[in-house]
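One line per chain: the protein sequences are Y and Z, in this order. Numbering follows UniProt numbering, with no gaps: position 361 of the first sequence is 361. Numbering follows UniProt numbering, with no gaps: position 234 of the second sequence is 234.
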Amino acid sequence: MSTDVTARTPAPAPPGKSGDAAPGGLLRLMLDGLRNNMRQYGMLIALGLIVVLFSVWTDGDLLLPRNVSNLVLQNSHILILAIGMMLVIIAGHIDLSVGSLTAFIGAFAAVLTVQHGVAWPVALVLCLLVGAVAGAVQGFMIAYFGIPSFIVTLAGMLIFRGLTEILLEGQTLGPFPAGLEKMGNGFLPETGPNTNYHNLTLLLGIVLIVFTVLQEFRDRRRQQEFSLEVAPRNLFLLKLVAISAAILVVTMLLASYKGAPIVLIILGALVVGYGYVMRNAVFGRHIYAIGGNLPAAKLSGVKDRKVTFYVFLNMGVLAALAGLVVAGRLNAASPKAGLNFELEAIASSFIGGASMSGGVGTVLGAIIGGLVLGVLNNGMNLLSVGTDWQQVIKGLALLVAVGFDVWNKRKSGS
Amino acid sequence: MAGPVLEMRSIVKTFPGVKALSDVTLTVRQGEVHAICGENGAGKSTLMKVLSGVHPHGSYEGEILFEGEPCRFRDIRASEHHGIVIIHQELALVPYLSVAENIFLGNEHATRGLINWNDTLRHATELLRRVGLSDHPETRVADIGVGKQQLVEIAKALSKKVKLLILDEPTAALNDEDSGKLLDLILELKKQGITSIIISHKLGEIRRVADSVTIIRDGRSIETLDVKDPGTTEDRIISGMVGRDLDHRFPERTPHHAEEGTAPALEIRDWTVHHPIDQQRKVVDHVSLQVRRGEIVGIAGLMGAGRTELAMSVFGRSYGRYAGGTVLKDGREIRTKSVPEAIGHGIAYVTEDRKHYGLNLIDTVNRNISLTSLAKVARRGVVDEHEERQVAEGFRTSMNIKAPTVFEPVGKLSGGNQQKVVLSKWIFAGPDVLILDEPTRGIDVGAKFEIYTVIDKLAAEGRAVVFISSELPELLGMCDRIYTMAAGRLTGEFSRAEASQEALMRQMTKDEEVTR
Chain Y
1 MSTDVTARTP APAPPGKSGD AAPGGLLRLM LDGLRNNMRQ YGMLIALGLI
51 VVLFSVWTDG DLLLPRNVSN LVLQNSHILI LAIGMMLVII AGHIDLSVGS
101 LTAFIGAFAA VLTVQHGVAW PVALVLCLLV GAVAGAVQGF MIAYFGIPSF
151 IVTLAGMLIF RGLTEILLEG QTLGPFPAGL EKMGNGFLPE TGPNTNYHNL
201 TLLLGIVLIV FTVLQEFRDR RRQQEFSLEV APRNLFLLKL VAISAAILVV
251 TMLLASYKGA PIVLIILGAL VVGYGYVMRN AVFGRHIYAI GGNLPAAKLS
301 GVKDRKVTFY VFLNMGVLAA LAGLVVAGRL NAASPKAGLN FELEAIASSF
351 IGGASMSGGV GTVLGAIIGG LVLGVLNNGM NLLSVGTDWQ QVIKGLALLV
401 AVGFDVWNKR KSGS
Chain Z
1 MAGPVLEMRS IVKTFPGVKA LSDVTLTVRQ GEVHAICGEN GAGKSTLMKV
51 LSGVHPHGSY EGEILFEGEP CRFRDIRASE HHGIVIIHQE LALVPYLSVA
101 ENIFLGNEHA TRGLINWNDT LRHATELLRR VGLSDHPETR VADIGVGKQQ
151 LVEIAKALSK KVKLLILDEP TAALNDEDSG KLLDLILELK KQGITSIIIS
201 HKLGEIRRVA DSVTIIRDGR SIETLDVKDP GTTEDRIISG MVGRDLDHRF
251 PERTPHHAEE GTAPALEIRD WTVHHPIDQQ RKVVDHVSLQ VRRGEIVGIA
301 GLMGAGRTEL AMSVFGRSYG RYAGGTVLKD GREIRTKSVP EAIGHGIAYV
351 TEDRKHYGLN LIDTVNRNIS LTSLAKVARR GVVDEHEERQ VAEGFRTSMN
401 IKAPTVFEPV GKLSGGNQQK VVLSKWIFAG PDVLILDEPT RGIDVGAKFE
451 IYTVIDKLAA EGRAVVFISS ELPELLGMCD RIYTMAAGRL TGEFSRAEAS
501 QEALMRQMTK DEEVTR
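What follows is the structure in structure tokens.
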């Protein structure tokens, strides 16, 4: 997931500096890069600070392997939703229905597998399809009928919640077949000799590092092929070391407990995939264009309705996936599942740099925003702060993050 | 003859970098209808904003005397307090409130914060009768036509005990019948002793209602004429409006000579468009024109002539309601019902409003340039960022876009450089026909020359260029042929040799009565 961190805007090097820069120059370049990407790095730094603070307050409990593993499991569904929500918000819309939809899909999966004995892979595919249809219907009304997304998805929020209760007849339904349960709760299987570490997780981490480094080198070579300016070599190397170290630390932490949770693998694939789509695919560009300036995008030949439609269809699929993950982790479908998920996903997107007016934001930002909320949650749980105060503090965090953004923008002069 | 009710002396108003008014003197006599006439951008609206306190005292030089008293208006409320009311081109009514509520908005008949509805309705009915409206005062403003809305604005002005009524192009958005009613009302109010200033460039209209006319050109008052004087002909007014030297500079251009026998690159036949909301109004009325490869064809017209509406409607029906007409490309009829279709047929429309319709200001230079033609830098739906960056770097150099890098947000560039980005974007699309709508609006002289050079090069490469502009000198300097439009109709066609500022302006100021 770290491939995206730095590549977004290659720090523009001043001419004649493409070789080795003096150490002082290197620091200056880093500061320049930081200043130019304040929003991106600002939240990353804030996340780092929160992690450090809570580690100190909890005497290091926050970063115990078991807790890191828990943190991933507890927040994965919000992160999955936040990815989709980020796309929706960038396109200039909102989706309030995702919490209810996750509950509905969980219920649907339970009815299929528990009541009717459908095989879990079939149920999985059916659930994703139903999610796609739910998203498509809402997207159709928003894109082609012109009903505001706030209204359509508010209606969806009520409808899906109601349908969930109808499906479950007010009861909790479970347990799920092992396959679905693993999706929410499971870890990568253990193989090979006993090393005190989880072998497959270590292997995966190493593969990820090698892949990232190769990718970065390939990218740099391509830039040079097109005779474009590249970042100075030692800045580039520093970046590689930082990314590799970050991946290694997380890998070691996870490998010293039960290994990488399966949902983390899913999440990682989503982040890399969606990050790539939003950065490099024509579809992603069109989402930024319609959110940034709809009339201009239309006059540039962007098929705005089609793009909006698919953004919501996609949100439906991701909500379905999140629904399966939650249901799997709790190993039951409950009529009250998914409560306030939409608000957490929306908050994650805004903390992670989205703008109310659309056109701005990154997938990685949504993840960082989601992690800020997740670490706050987890840290306060460890400190036995009650849910009452947790909500107050999370609300303040959202306010501070967006307030800082507004202040920062005004200072730099629109 | 009555004495002056208003005197504005040596008014100078500067905006950062631009001198909007450099020396304007205006004298309006008690009880007359005084017209103000001038090209787009001459400074008419700025002058009225100075008078009404939109630009407060202290932000301009010179002095204003109203009824013999010096005026120092801090805001609109202050000028309204003295009985000076301005009605802007864009109506300032709240559509979902009733007519009565709109008339007394900010000036409610109320006691201790509670509205007295009986008084309000009685007074509103009375005012509506004075402006010739019989609609119920509780009708929603959204439910009456634009013409009646204009009359409601006047009723609102009357409720403020108006002494001097300023109307900024009041008939620009009205159909003929509503225009007629409005002009009658202005004459009626004159009988009641209300002085009016009317900004207009419809000469027929001015002759009908005005007693005198002041001509403004390039921020200066040129002269004030008595309309009833037989010497004040339309030609006299026109020469006052355009009497500017061709002081702009243009690239050397080899005039294009149409090759006989080949079909025009773009031909528009009988194109008619209705207003998006007021369906009765024809914004573009049976317009036919053509442009050949290598040719630069100008469309001259004043505000509201229907040039932008024509261009946007042809470009994927992006404006109004289509009501007939065909588009031919190289002699064959094409469908341009959506923007992607129009682009697919090699047509590009470069908007007059780059901030709202041309650019995504929060996105970077490179991404703005590639947006219309992402397919050219993408393989199987995936954009090659390096190729995209290289394309953008190419345009940054060739178009001389002044930006630190191509990753700069477009919103941070100057107007001229933003315009170069919009042009780059459409040139990268590789069109055969470019429709350029006011391509040099709001940019400085140096950047203008660069843009003229680009346009010239595009034509030399064999592309067909349609050049829409309000600035006559630039049309005369750049075009091989020039069409004129007024009130949605094509009113003339001139070869480069025939065209002059006076001849064009005569056709551009034709309105209903004159054409008939």
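Glycine residues also receive a C-beta, built at the ideal position from the N, C-alpha and C atoms.
Check each candidate in the options and name the one with the smallest Cα separation from residue i.
{"i": "V465/Z", "options": "G442/Z, T491/Z, I443/Z, E438/Z", "result": "E438/Z"}
{"i": "V85/Z", "options": "R367/Z, L328/Z, I197/Z", "result": "I197/Z"}
{"i": "K457/Z", "options": "V99/Z, G294/Z, M241/Z", "result": "G294/Z"}
{"i": "E80/Z", "options": "G106/Z, G344/Z, H275/Z, Q30/Z", "result": "G106/Z"}
{"i": "G324/Z", "options": "I268/Z, T111/Z, N116/Z", "result": "I268/Z"}
{"i": "G381/Z", "options": "R221/Y, W57/Y, H286/Y, K394/Y", "result": "H286/Y"}
{"i": "P175/Y", "options": "G353/Y, A110/Y, L79/Y", "result": "A110/Y"}
{"i": "L399/Y", "options": "Q215/Y, G352/Y, L167/Y", "result": "G352/Y"}
{"i": "P431/Z", "options": "G446/Z, S500/Z, G344/Z", "result": "G344/Z"}
{"i": "V131/Z", "options": "L114/Z, I154/Z, V5/Z, N118/Z", "result": "I154/Z"}
{"i": "V302/Y", "options": "L289/Z, T272/Z, Y357/Z", "result": "Y357/Z"}
{"i": "M157/Y", "options": "L168/Y, E169/Y, Q138/Y, L167/Y", "result": "Q138/Y"}
Taking 8 Å as the CB-CB cut-off, is residue i touching chain Y?
{"i": "A172/Z", "result": "no"}
{"i": "Y96/Z", "result": "no"}
{"i": "T515/Z", "result": "Here the model assigns T515/Z a pLDDT of 39, short of 50, so the residue's position is not dependable, and the following value carries that caveat. It does not: the Cβ of T515/Z has no partner Cβ on chain Y nearer than 8 Å."}
{"i": "G3/Z", "result": "no"}
{"i": "K510/Z", "result": "no"}
{"i": "R379/Z", "result": "no"}
{"i": "H345/Z", "result": "no"}
{"i": "L436/Z", "result": "no"}
{"i": "P431/Z", "result": "no"}
{"i": "E197/Z", "result": "Checking the sequence shown, residue 197/Z turns out to be Ile, not Glu. So, not an interface residue."}
Which whole-angstrom value describes the C-beta separation of residue i and residue j, a residue pair presumed to lie in contact below a C-beta threshold of 8 Å?
{"i": "G316/Y", "j": "G131/Y", "result": "4 Å"}
{"i": "L174/Z", "j": "V146/Z", "result": "6 Å"}
{"i": "N75/Y", "j": "G369/Y", "result": "Not quite, the Cβ-Cβ distance comes to about 11 Å (not below 8 Å), so this is no contact."}
{"i": "G361/Y", "j": "S349/Y", "result": "7 Å"}
{"i": "M505/Z", "j": "V242/Z", "result": "5 Å"}
{"i": "A401/Y", "j": "M43/Y", "result": "7 Å"}
{"i": "L299/Y", "j": "V339/Z", "result": "6 Å"}
Under the DSSP definition of a beta bridge, which residues are partnered with residue i?
{"i": "V213/Z", "result": "A35/Z, L225/Z"}
{"i": "S469/Z", "result": "A300/Z"}
{"i": "L289/Z", "result": "I268/Z"}
{"i": "Y483/Z", "result": "I299/Z, E493/Z"}
{"i": "R140/Z", "result": "S98/Z"}
{"i": "T212/Y", "result": "DSSP lists no partner for T212/Y."}
{"i": "R29/Z", "result": "P4/Z"}
{"i": "S196/Z", "result": "V33/Z, L165/Z"}
{"i": "R220/Z", "result": "D23/Z, R217/Z"}
{"i": "E69/Z", "result": "F66/Z"}
{"i": "L114/Z", "result": "T111/Z"}
{"i": "D437/Z", "result": "I468/Z"}
{"i": "A378/Z", "result": "V383/Z"}
{"i": "P170/Z", "result": "Bridge partners of P170/Z: none, in fact."}
Once the 5 residues before and after residue i are set aside, which same chain residues still bring their CB inside 8 Å of it?
{"i": "L203/Y", "result": "none"}
{"i": "V227/Z", "result": "A35, I206, R207, A210, D211, S212, V213"}
{"i": "H57/Z", "result": "C71, R72, F73, R74"}
{"i": "N102/Z", "result": "L93, V94, V141, V152, K156"}
For residue i, would you say it is in contact with chain Z, using Cβ-to-Cβ distances shorter than 8 Å as the test?
{"i": "G174/Y", "result": "no"}
{"i": "V282/Y", "result": "yes"}
{"i": "G359/Y", "result": "yes"}
{"i": "Y197/Y", "result": "no"}
{"i": "L313/Y", "result": "no"}
{"i": "A289/Y", "result": "yes"}
{"i": "Q223/Y", "result": "yes"}
{"i": "N408/Y", "result": "no"}
Only counting the same chain, and skipping five residues up and downstream in sequence, which positions put a Cβ closer than 6 Å to that of residue i?
{"i": "L246/Z", "result": "The predicted position of L246/Z is uncertain, since its pLDDT is 49 and thus under 50; no value can be drawn from it."}
Please work out which residues of its chain come closer than 7 Å, Cβ to Cβ, to residue i, disregarding the five sequence neighbours upstream and downstream, and give them in chain order.
{"i": "A263/Z", "result": "D330, G331"}
{"i": "R220/Y", "result": "V230, F236"}
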